[in-house]
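Contents: one structure, followed by commentary.
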Amino acid sequence: SFQLSARGHWSTWPAFASRQTVPRNHKPCCAPEERQSSNKQALLTIPKPRYLEQLESYLRKELQSLDLTKKNSQELKLQPYREIFEFFIDNFKTYKPLLSAIKNEYEVTLAHQKKTIRTLEPLKAMVTTVSEECTQQILALQEKEKDEINMLKQEKQHLLKFIDNMKEEKNSLQTQVEHLRTSVAEEYGRYLNEYGARKLLLAKLNDMHNERLDMTRHQVQDVKGEDVVKLTLALKIARQDLTKAQVKLNTVIADYGDVVPRRDFESLEKKYSDLLNKTKTLQKDFDRLHKEYETLLEIHRETAEERDNFCAELQQVQRNCTPRPNWAKCSEVIPGGAERWGCLAAGKTSDQLVDVLLEEIGTGVLKEINVFPGWGEDDKVPVYLRHEGEVKNKKLTKKDVVNILKDVWKEKIALEQQTGKRSSLPEFFLSYLQKKYGDAAAMEWSYTLYENMRLCRSNHVLSSFYDILTGKVGEEQYHGQNQLISNLRKELAACDSSNSGSLTSKQFRQEADPFPLKRKESIQELLDASRYKLDSTEDLIDYISLFKEDDEGNAEPFVAKLRNQYVGEKLEYLRQLKNKLGALTEVNADDLKTAFCTIDPDIDDQTLDTYLGLAYQVRREQPDQEVVSVETALERLLAGDVRRVGPSPREGSTTGFEGE
């Protein structure tokens, strides 16, 4: 605290002496450097200035008279301090302008802060409401998915029980078949034993017959007076008859040794026929149940896939519905303030906003870097980055980078139209920089452009040039997208007979004819993107403005949606191709050609040869000799310009190609 002396200069309180004043050349608010120890003892004996005591007394009275229980107690408490400060300013005439300016600046700042608080209060209520709605939606989705999962689990248990019953029935049938086989084997053994017994019986009968003949012969010899000639003739005839009978018996035995009685044969045949019919019936039932079992397995597999997809979608919804950060805070650190951040964040998800924020941070850091380290001159280093030592950073703006890259495309396309040959983008990029900026500065421009392209992934011009330059995407895809957008623009202009630059929603929807393969949902998405700046009552669409770009090369939402659909349709086409190839790990040209013709029956031979050339990286007359893995073929096709030629042979919703 300070007090004016009688001479009009600042004097300190407490002072070392009642008459001591600060010299004219002494700085305000600064104590003397040298003090006597005797003067320090006098600090406690000098009273306060009367004006200071009056101000303190007035402040205490005012604070005691306030009701600090009210809502605006802080503002009421601030008012006595304002009055004390005004009294202080009015009393010191010399410093009144400076003190008044300080007071006014504080008042303006307080008013601005109050206004900001009043502006943010509705936003706080809105955030609370949105958070409650998202929580309710999450709970509803979880409850819905819980019922569906329980139903699927019950159905799975039912199918498993049905499969177990079928297995038990199959085992029962196999047991019956084994029992029948055992019975037939036993019958065969019994008849075989009877055959052996018959042979033994015949042998015994022959022995008995021979013994009887011998006995008869001896009896004849004993008979007296019998004619020997007659007996000899009778014996000869008997032996002949015996021989004939033996031959006939042997013939019968040979012919009918394995024959069973007709009655037994007919009985066994009938039994066998019944068993055969029963087995055929059981086999048919088994085949039918096996087909039903395979069908149920396929349905179960599809159901499991749908369940996994729903779970993934639920997790995505849960992630999207979780409380979002307050992205408005980013406007305080992003160059350009809230207005530029609003343009950058328009229509973007939280994941995209993170990329935008990282891009802004990266570009800010890039501007502070003065030199880049060289990548060296190894053959593995891209030709446009082969340099030893440090390279100067040109510190270009995004607008400058976009203009340079557009000029590179312009020069490259003009050269290819003139020569009729497709040139390599990395080599042309280096030659362009050398031609325009000289060999010495070409690497500085190349490194600067490369780092800007690497960081700015949200900008289509920079990201597409970077992907083609590094070989991630083929140049044909870039030209294919541009040709698609150009064709649509020409079609819309042709429909505008009055050259007004506007079309109705109906006319705009009819111009979907250049895209006969797009679904109705995709056409509706394009229509919604074209009307994002219009009110719900307006029907005229300014189609010319849909194709405009800002200074940094950022396209309107309509063109961005068209490019996203272009990529999504290619991913869906390749997903169908992968599903058609099935469990194959390697594929030859014939199998790949068959798969393309199956999912896209209208594809022509020239396009088919082009796709095969992309997959096998060889000329058209050689792909039949190549065999590559399915993953490699799909990656090469993904990098090229691959699109569906005709409508899909089956109806179905499109889903993303999972990248595999």
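In UniProt numbering, the protein residues as written are 1 to 660. Note that beta-carbon positions come from the ideal geometry of N, C-alpha and C, so glycine has one too.
- Contact fails between the region 592 to 610 and the region 547 to 565, because fewer than three Cβ pairs, one in each stretch, are under 8 angstroms apart.
- Residue environment: isoleucine 299 is assigned as exposed (fewer than 16 neighbouring CB atoms within 10 Å of its CB, all protein chains considered).
- Residue state for glutamate 586 is assigned as strand, using DSSP reduced to three classes.
- Around the C-beta of serine 446, 16 or more other C-beta atoms lie within 10 Å, and the residue is accordingly described as buried.
- Leucine 68 sits in coil when the DSSP states are folded into three classes, being neither helix nor strand.
- When the five nearest sequence neighbours on each side are left out, the beta carbons in the same chain lying within less than 8 angstroms of the beta carbon of lysine 170 are those of Phe286, in order along the chain.
- Between tyrosine 478 and serine 464, the C-beta gap is smaller than 8 angstroms, which places the two residues in contact.
- When secondary structure is reduced to three states using DSSP, lysine 48 falls in the coil class, being assigned neither helix nor strand.
- By DSSP's assignment, valine 628 forms a beta bridge with Val587.
- Serine 502 carries a strand assignment under DSSP once its states are collapsed to helix, strand and coil.
- Relative to arginine 519, the option among Pro647, Gln483, Val402 whose CA is nearest is Pro647.
- When DSSP states are grouped into helix, strand and coil, aspartate 400 belongs to the helix group.
- Rounded to the nearest whole angstrom, the C-alpha separation of isoleucine 361 and leucine 449 is 17 angstroms.
- For histidine 460 and arginine 531, the gap between their C-alpha atoms comes out near 22 angstroms.
- Around the beta carbon of aspartate 600, 16 or more other beta carbons sit within 10 angstroms, so the residue counts as buried.
- Comparing alpha carbon positions, the residue from Lys367, Lys156, Lys392 closest to glutamate 302 is Lys156.
- Residue nearest to arginine 575 within the set Asp542, Leu637, Lys561 is Leu637 (criterion: CA-CA distance).
- Rounded to whole angstroms, the Cβ separation of glutamate 388 and glycine 374 is 5 angstroms, and the two are in contact under 8 angstroms.
- Assignment of valine 391 by DSSP, reduced to helix, strand and coil, places it in the strand class.
- Three or more Cβ pairs drawn from the region 71 to 86 and the region 52 to 61 lie within less than 8 angstroms of each other, which places the two stretches in contact.
- By the 16-neighbour rule on beta-carbons within 10 angstroms, leucine 425 is buried.
- Annotated three-state conformation of phenylalanine 85 is helix, per DSSP.
- Secondary structure at isoleucine 369: coil, using DSSP grouped into helix, strand and coil.
- The continuous alpha helix (DSSP H) containing aspartate 528 extends over residues 520 to 530.
- By DSSP's assignment, leucine 540 forms a beta bridge with Thr504.
- Counting along the chain, the unbroken alpha helix (DSSP H) around valine 252 starts and ends at 228 to 256.
- Per DSSP, the unbroken alpha helix (DSSP H) holding glutamate 572 starts and ends at 557 to 581.
- Here cysteine 311 is exposed. Its C-beta has fewer than 16 other C-beta atoms within 10 Å.
- Pairing asparagine 250 with alanine 203, the inter-Cα distance amounts to about 11 angstroms.
- Burial check for lysine 421: the Cβ neighbour count within 10 Å stays below 16, so the residue is exposed.
- For arginine 454, the uninterrupted alpha helix (DSSP H) run begins and ends at 439 to 455, by DSSP.
- Residue environment: isoleucine 117 is assigned as exposed (fewer than 16 neighbouring CB atoms within 10 Å of its CB, all protein chains considered).
- For glutamate 549, the three-state secondary structure derived from DSSP is strand.
- Where cysteine 495 is concerned, the enclosing alpha helix (DSSP H) starts and stops at 475 to 495.
- In this structure glycine 640 is buried. Its beta-carbon is surrounded by 16 or more other beta-carbon atoms within 10 angstroms.
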